[in-house]
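*Asks:* I'd like to ask some things about the structure below.
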Amino acid sequence: MIDIDHLTESQLRALNRRIVDRIRLISSMRQQHQMMAFHVGQKVLFLTKEEDVVFGTIVKLNQKSVSVLCDYGTRWKVSPSLLRPMSAKDITPEQLLLD
């Protein structure tokens, strides 16, 4: 563990900048790793803030997000951490009637 009690304010600020940069790098690497699990044309689903399930198709992999065209025509930019690949068990009979 680092003993920070003896550091000056400028040293603490420099250390803080390094910590923030490292956290951003780790976050970016995690996001890129999550993004690699998806491809354009893949069927996915995700939950909205209101807990509604949204089904759609990936149309673009952006730098930090994934563009998803939903089955009802709306386009969403979604974090890859919120996406889940759609499987046959995710398709309900009601959805088959809508297609």
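Converting from the sequence shown to my numbering requires adding 18 to each position, the first position being numbered 1. For glycine and all other residues, C-beta sits at the position ideal for the given N, C-alpha and C. Please read all numbers here as calculations on a predicted model, not as lab measurements.
Does the beta-carbon of Val71, which I'm using as the reference point, lie nearer than 7 Å to any heavy atom of the ligand HEM?
*Replies:* The ligand HEM is not part of this structure, which contains no ligands at all.
*Asks:* In the DSSP assignment, find the unbroken beta strand (DSSP E) run with Ser28 in it and report its ends.
*Replies:* Looking at the DSSP string, Ser28 is not in any beta strand (DSSP E); the run it does join, the alpha helix (DSSP H), is 27-53.
*Asks:* Would a C-beta distance cut-off of 8 Å place Phe73 and Leu100 closer than the cut-off?
*Replies:* Cβ distance not < 8 Å, so Phe73 and Leu100 don't count as in contact.
*Asks:* Less than 7 Å between C-beta atoms, sequence neighbours within five positions excluded: which residues of the same chain meet that for Leu114?
*Replies:* Any reading at Leu114 needs caution, since the residue's pLDDT is 47, under 50, leaving its predicted position unreliable; the model's value is listed next. Here the set comprises nothing.
*Asks:* Taking the C-alpha atoms as reference points, what is the distance between Leu79 and Asp89?
*Replies:* Their Cα atoms are separated by approximately 18 Å.
*Asks:* Return the CA-CA distance between Gln60 and Gln81, expressed in angstroms with no decimal places.
*Replies:* Rounded to whole angstroms, Gln60 to Gln81 spans 17 Å at the Cα level.
*Asks:* Less than 8 Å separating the beta-carbons of Ser83 and Ser97?
*Replies:* Yes, the Cβ-Cβ distance between Ser83 and Ser97 is below 8 Å.
*Asks:* Ignore the nearest five residues each way along the sequence and tell me which others in Gln29's own chain have a CB closer than 7 Å to its CB.
*Replies:* Same-chain partners within the cutoff: there are none.
*Asks:* Does DSSP classify Lys82 as helix, strand or coil?
*Replies:* Correct three-state label for Lys82: coil.
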